[in-house]
Amino acid sequence: MHDSSVGGPLLWPADEPWPHCDAPHEGGDHALAELRLQQRIRASEAMHPDGDAPVPGYTPAEQAVLDRLDSDETWHDSSWLEGPVALLPLAQLYVRDVPGLRPPAGAGADLLQVLWCPFDHPPEQYMPRTVVVWRSAAAVNEVFTSPPEPPLVVEEYLPEPCVLAPEQVTEYPGAGELSGELLEQIGDWSLWQAAGAGVDSSYAPYPDSFYGSHLSVAPGWKVGGWPMWGYTDPAPRSCPACGTAMDPLLTIATFEWDSSNGSWIPYEDQAAASSTDPRYRDLTQPTRIQIGSGYKQQLYFCPAAPEHPHIELMQ
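According to the numbering used here, the sequence shown is numbered sequentially starting from 272.
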């Protein structure tokens, strides 16, 4: 809980109420306890990537759980959804670890915590609802070590717990946010040649594709940066409380990269990403989160008054 992480645990004060969601929910499809068991098994297997792990000694009950999860059998018990739902830890980010993470001025905060309700919330939004909390880590004396959890969740909204090692990258805005003059320039192959950019000649017929895939809008989870558009065209994001233009806070992505933008693969993953070994298939989706059909959930905050409500979009 003293690390920047996805999926918890959070450095949460014992005397502070745990957030709950009282909005309408669509029912969960799996018992959380069973998915937690599956996560523990995956973590154990990850500790032995060469397959030299001892044969696991599952109890009959544990084996039954694994068999049921493998069979895609789902649970549909919505009776408990009538009450408030405890939120799950999504992300915890220390300012010391994340270049560009800007805490509210004068608040003395050095820690950002994001929690979410692991269900869709129709008709308002078909994605999780989030809560954003800024706090001072030093002000947390006694930690809440056993927060409540919902009995069921949507499997795609249960993050795989992992410690983060953030890095700073340079990116440029997406084509939809460029002027007509700039769009014309990035589509002119002769300008790329004159700049000595070293772009592969296969991009000569469409150099704007090189810009879109390898220079603009870094894919994956990120703090700040330029937002990805595609589900909708670029649109102003105004604070619902004061009308100020809002800034990107956090992008929650389904995938870290795909076949079209492999230049964004982290150095430490490049060798593994080129392997055909099935053990490496999850590198593009380490958190196992899926937003919609592979989209991103973007959180925006008000720079004039960060205590104002944040907004969230799917792109």
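We treat Cβ as the ideally placed atom computed from N, Cα and C, and that holds for glycine.
Helix, strand or coil: how does DSSP classify residue 439 here? Reduced to three states, the DSSP call for residue 439 is coil.
With H, G and I counted as helix, E and B as strand and the rest as coil, what does DSSP make of residue 314? Per DSSP, reduced to three states, the secondary structure at residue 314 is helical.
Hey, which unbroken runs of the alpha helix (DSSP H) at 4 residues or more fall wholly within the stretch 401-460? Runs of the alpha helix (DSSP H) inside the stretch 401-460: 451-457.
Inspect the beta-carbon positions of residue 411 and residue 282 and report whether they are closer than 7 Å. The beta carbons of residue 411 and residue 282 sit closer together than 7 Å.
So, with DSSP's three-state summary, where would you put residue 243? There is simply no residue 243 to check, as the chain begins at 272 and stops at 586 in what is shown.
Given a cut-off of 7 Å on the beta-carbon distance, is the pair residue 402 and residue 557 in contact? Not a contact, by the Cβ cut-off of 7 Å.
What is the residue span of the beta strand (DSSP E) that residue 518 lies within? 518-524 is the extent of the beta strand (DSSP E) around residue 518.
Check residue 502 in the structure and name its three-state DSSP category. DSSP places residue 502 in coil when its eight states are reduced to three.
Minimum length 4: unbroken alpha helix (DSSP H) runs contained in the stretch 532-565: Correct list: 538-544.
Cα separation between residue 487 and residue 504? Rounded to the nearest angstrom, the gap between the Cα atoms of residue 487 and residue 504 is 16 Å.
Rounded to whole angstroms, what is the Cα-Cα separation between residue 430 and residue 360? Between residue 430 and residue 360, the C-alpha separation is close to 8 Å.
For residue 489, count the other beta carbons within 10 Å of its own beta carbon; 16 or more makes it buried, fewer makes it exposed. Which is it? By the neighbour-count rule (16 or more Cβ atoms within 10 Å), residue 489 is buried.
What does the alpha-carbon distance come out to for the pair residue 278 and residue 479? If you take the alpha carbons of residue 278 and residue 479, they lie about 37 Å apart.
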